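Working notes for the structure below.
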Amino acid sequence: MHEFLPEKTIPADLEVDAFNPAYFGIGAQEAPMRDDLPANPTDTDDYEEDAEPDVTVYPEIKDAKCAYTIRSSSRRRKVKMQGHKREKVGRTAWAWAYLCMEVKADPPPFVVLNLPGLSAEGLEAHDLTLPTTGEVPSVREECTQSMEKISRFATKIMRRQFVAHCFTMFICRNYARLMRWDRAGVVISEPFDFIEQPHLLHKFFYLFACMTDVERGCDPTVVPATEAEIGRMRTFTNYDTPWHEAKFLSSVKEGPVVKILWPLPPREFLVGKPLFMSNSPTGSGTKGFVAYNVAEDRLVFLKDCWRPEAETYYPEGEVYFHLHSKKVKFIATPVGAGNVVDACGGIHTTRAHKFLQVGTPRWQHYRLILEEVAMPLEEYTNSYDLIDILDDAIRAHRDAWAADVLHRDVSAFNIMIYWYKDKNGKLKRKGLLLDWGLCKFAYDLKLPAVLKNRSGTWQFICAVLLVFPGKFSHEVWHDLESFVHVFHCLYDFHSTKNGISVGGGDKLLMLRQGKLPFYLLGGSFDPLLPRADPTKPGYGPTELVTSLSSLCKVHYKSLEGQSPKLATTSSSNPAPAAEPANVAVVSDEVRSGLGRRTRTTQDVKLEEPARPVLNDHTEILALLDNALYTGPNDWIYHPKEHDQFAQFKSSHLERRASRS
1 MHEFLPEKTI
11 PADLEVDAFN
21 PAYFGIGAQE
31 APMRDDLPAN
41 PTDTDDYEED
51 AEPDVTVYPE
61 IKDAKCAYTI
71 RSSSRRRKVK
81 MQGHKREKVG
91 RTAWAWAYLC
101 MEVKADPPPF
111 VVLNLPGLSA
121 EGLEAHDLTL
131 PTTGEVPSVR
141 EECTQSMEKI
151 SRFATKIMRR
161 QFVAHCFTMF
171 ICRNYARLMR
181 WDRAGVVISE
191 PFDFIEQPHL
201 LHKFFYLFAC
211 MTDVERGCDP
221 TVVPATEAEI
231 GRMRTFTNYD
241 TPWHEAKFLS
251 SVKEGPVVKI
261 LWPLPPREFL
271 VGKPLFMSNS
281 PTGSGTKGFV
291 AYNVAEDRLV
301 FLKDCWRPEA
311 ETYYPEGEVY
321 FHLHSKKVKF
331 IATPVGAGNV
341 VDACGGIHTT
351 RAHKFLQVGT
361 PRWQHYRLIL
371 EEVAMPLEEY
381 TNSYDLIDIL
391 DDAIRAHRDA
401 WAADVLHRDV
411 SAFNIMIYWY
421 KDKNGKLKRK
431 GLLLDWGLCK
441 FAYDLKLPAV
451 LKNRSGTWQF
461 ICAVLLVFPG
471 KFSHEVWHDL
481 ESFVHVFHCL
491 YDFHSTKNGI
501 SVGGGDKLLM
511 LRQGKLPFYL
521 LGGSFDPLLP
531 RADPTKPGYG
541 PTELVTSLSS
551 LCKVHYKSLE
561 GQSPKLATTS
571 SSNPAPAAEP
581 ANVAVVSDEV
591 RSGLGRRTRT
601 TQDVKLEEPA
611 RPVLNDHTEI
621 LALLDNALYT
631 GPNDWIYHPK
641 EHDQFAQFKS
651 SHLERRASRS
């Protein structure tokens with residue numbers, strides 16, 4: 001840990017207080033270990049999860065104090081403690097936290113062997129190692145919970161702040177460990193006994209206090225916005241839609257508002273709370289903002305992320321420029337991109353990779369500015385529009401592959417809706433396929449993987465890539481299957497083997513059987529729904545998703561000869577189904593005219609021979625075209641249902657994923 005701290009010597013006349021051994025021995029309680037701090041964390045306002053640190057270090061500045069101070073006198077009266085402790089009661093202000101500490105009496109979340117200064121009797125009386133197989137499960141579970149909690153501290157700080165790295169500390173009785181987190185991983189110090197060697201803990205806090213903000217991890221290219229700049233954001237009125245206005249103003253209101261400095265050419269972007277944030281302390285750490293371009297007085301989309309430094313991982317901005325040079329449509333337009341460079345010319349990179357296994361890449365801080373501020377796919381108006389948007393995205397994928405680029409990260413989060421005004425001022429809509437940061441060029445697909453786990457968002461990843469990790473190179477049909485999963489929104493259970501996430505067994509079974517992961521109630525199959533021509537069966541999303549599943553079944557049959565393992569994954573048991581959910585459709589405007597019915601839904605309902613129908617985009621686009629070019633009298637209208645998963649919105653996982 002020495003290389004992460006400044007080279008300074010504690011002044012010789014500095015007094016170092018010793019810790020009371022009685023508070024930290026075997027059988028000690030956690031409350032006395034915190035001395036004059038409150039006995040319990042007091043942040044009951046953390047609406048996201050139970051993740052209050054035992055001790056948090058903040059800067060001594062006005063904004064930080066305002067953020068963590070609890071002003072309610074009634075709340076303070078409820079806290080039963082002495083006056084000097086009551087002064088330290090506060091809420092957890094993640095946007096200002098410098099250092100978070102977890103204090104435990106037992107057990108530690110790490111494997112700790114041969115601790116110096118601990119006798120054999122002490123080990124026998126209260127072993128500090130992680131339990132092995134067959135030992136008390138509750139102890140192992142508590143160890144895991146402690147490590148998860150510490151990880152959440154780092155996640156919270158890195159989500160809410162613009163930092164390249166951060167520090168946390170774990171104390172178990174008289175032993176402490178220091179942790180430094182960045183996007184490549186976490187570096188954990190050896191445990192040290194601060195009862196026998198109190199100067200070590202004091203030295204860390206002294207050096208931490210001597211650090212500059214940049215040494216503590218703060219991004220020097222991000223500075224607080226002035227009141228005048230914030231006022232200018234609030235008076236902005238040139239919005240394309242009410243959605244843009246609502247999202248932009250809420251980001252300013254929920255803040256804090258900061259100014260991001262762009263070096264070449266010099267530009268400034270004002271941003272508030274992100275539209276979305278990564279929920280992991282490692283990896284890309286992507287944040288997306290509706291940003292205000294100060295010089296041009298307009299809104300743009302700003303993506304802040306980290307990318308692996310490897311030959312086969314291309315800067316996303318360069319990929320966009322390549323695709324536009326090949327006339328690929330239905331993608332975003334970059335107006336700026338590059339590695340984050342500070343005023344001294346330094347590029348932000350990780351350091352934890354040097355302590356990990358050989359081959360672990362270094363990560364670079366990267367930003368991308370896009371002209372289009374697009375809406376999430378879930379904001380679609382009706383199911384006909386949804387199909388139209390997905391059709392645009394698949395066409396973008398097809399044209400990109402013609403330009404030798406494979407996306408490799410198709411999900412419901414990377415397909416967006418873009419509303420814009422044409423030259424006549426008329427509002428129009430199209431779909432965009434975004435997030436090309438994990439793409440590869442065709443000539444790189446057979447090269448060894450740089451990252452251990454496969455690329456993509458779990459619930460949308462192709463089934464064979466989940467069931468057989470590392471056995472298949474990423475191909476076009478894997479992405480096309482992901483588009484099918486966008487319709488399905490499959491659940492995402494997985495296990496871990498040798499550090500690699502494994503799962504997707506039920507997903508694979510459903511695809512091979514041509515089944516759906518949910519029951520279909522009514523929808524366009526419902527004979528009671530009104531039709532202009534009762535003699536025609538009509539068409540709607542229910543029939544489309546059924547046809548797509550049949551298409552997958554035909555493709556998977558063609559794979560059985562290529563891979564013996566696929567032939568053994570079938571089961572006589574029916575594919576599992578989720579709880580029933582209604583499928584609905586509303587369409588205000590349906591395309592009419594000549595239909596391009598090169599493939600009908602009746603074609604895929606038949607028991608077709610095995611064919612690799614997803615090796616290119618022809619068959620899946622034919623099905624979508626069949627839906628989009630259905631005449632108005634054939635399209636089935638019925639109300640769009642409310643969110644079928646609304647009852648889960650208050651769950652622990654949902655709060656963690658959607659809030660900060």
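Taking the UniProt record's numbering, I'd label the letters of the sequence shown as residues 1 to 660.
Where a beta carbon is used, it is the ideal one built from N, C-alpha and C, also for glycine.
Keep in mind that this is a model prediction, so the values were computed, not measured.
| Check | Outcome |
| --- | --- |
| Under the DSSP definition of a beta bridge, which residues are partnered with Lys287? | Met277 and Asp304 |
| What beta strand (DSSP E) runs, 3 residues minimum, are completely inside the stretch 157–213? | 165–172, 175–182 and 185–188 |
| Check whether the Cβ atoms of Val486 and Ala412 lie closer than 7 Å to each other. | yes |
| For the beta strand (DSSP E) containing Asn339, list its first residue and its last residue. | Pro334 to Asn339 |
| As a quick exercise: from Arg408, Ala352 and Ala402, pick the residue whose alpha carbon is nearest that of Met1. | Ala352 |
| If you scan the stretch 410–437 from start to end, which runs of the beta strand (DSSP E) of 3 or more residues do you find wholly inside it? | 415–421 and 427–433 |
| If you reduce the DSSP assignment to three classes, tell me which class Met375 lands in. | strand |
| Since Val55 and His202 should fall inside the 8 Å C-beta cutoff, what is the C-beta to C-beta distance between them, to a whole number of angstroms? | With 8 Å as the limit, Val55 and His202 do not qualify as a contact, their Cβ atoms being about 15 Å apart. |
| Taking 6 Å as the line, does the beta carbon of Val16 fall inside it for any heavy atom of the ligand COA? | This structure simply doesn't include the ligand COA, nor any ligand for that matter. |
| Rounded to whole angstroms, what is the Cα-Cα separation between Glu215 and Leu5? | 8 Å |
| Report the rounded CA-to-CA distance for Lys421 versus Lys329, giving the unit in angstroms. | 17 Å |
| With DSSP run on the structure shown, which of helix, strand or coil describes Arg351? | coil |
| Nearest CA to the CA of Ile461: which residue from Ala442, Glu481, Asp444 and Val476? | Glu481 |
| Can you tell me whether Glu3 is helix, strand or coil according to DSSP? | helix |
| From Glu379 to Lys247, what distance separates their C-alpha atoms? | 13 Å |
| Below 6 Å CB to CB, which residues in the same chain sit around Asn615 once its five sequence neighbours on both sides are set aside? | Trp477 |
| In terms of residues, what are the limits of the beta strand (DSSP E) holding Ile331? | Looking at the DSSP string, Ile331 is not in any beta strand (DSSP E), and its letter there is neither H nor E. |
| Do you know how far the Cα of Ile171 is from the Cα of Lys440? | 44 Å |
| What does the Cβ neighbour count give for Val464, buried or exposed, with the cut at 16 atoms within 10 Å? | buried |
| With distances taken Cα to Cα, identify the nearest neighbour of Ser547 among Phe468, His474, Ala627 and Glu475. | Ala627 |
| How would you call Thr212, buried or exposed, if buried means at least 16 neighbouring beta carbons within 10 angstroms? | exposed |
| Are the beta-carbon atoms belonging to Leu323 and Ala400 less than 7 Å from one another? | yes |
| Distance check for Val223 and Asp296, CA to CA, integer angstroms please. | The question names Asp, yet the displayed sequence has Glu at residue 296. Going from the Cα of Glu296 to the Cα of Val223 covers about 20 Å. |
| Please classify Gln364 as buried or exposed, where buried requires at least 16 other C-beta atoms within 10 Å of its C-beta. | buried |
| Please confirm if the stretch 284–298 is in contact with the stretch 266–276, defined as three or more CB-CB distances below 8 Å between the two stretches. | yes |
| Buried or exposed for residue 677, going by 16 or more other Cβ atoms inside 10 Å? | With the chain covering only 1 through 660, there is no way to say anything about residue 677. |
| Taking C-beta to C-beta, are Leu434 and Ala332 nearer than 7 Å? | yes |
| Excluding sequence positions up to five away, which residues of its chain have a Cβ less than 8 Å from the Cβ of Leu621? | Asp391, Ile394, Arg395 and Arg398 |
| Among residues of its own chain, excluding the 5 on either side of Glu254, which ones have a beta-carbon nearer than 6 Å to its beta-carbon? | Lys273 |
| Between the Cα of Pro220 and the Cα atoms of Thr235, Lys259 and His199, which residue gives the shortest distance? | Lys259 |
| With DSSP run on the structure shown, which of helix, strand or coil describes Gln145? | helix |
| Got a sec? Which residues, its chain only, sit under 7 Å from Ala12 by beta carbon, not counting five neighbours each side? | none |
| Do you know offhand how far Leu447's Cα is from Thr350's? | 24 Å |
| Quick one: what's got a C-beta closer than 7 Å to Val341's C-beta in the same chain, skipping five residues either side? | Pro263 and Ile347 |
| Give me, in chain order, the residues of the same chain whose beta-carbon lies closer than 8 Å to that of Gln234; leave out the 5 immediate sequence neighbours on both sides. | Here residue 234 turns out to be Arg, not Gln, going by the sequence shown. Only Leu249 and Val252 meet the Cβ criterion. |
| My output table needs one value for Arg71: the three-state DSSP class, helix, strand or coil. | coil |
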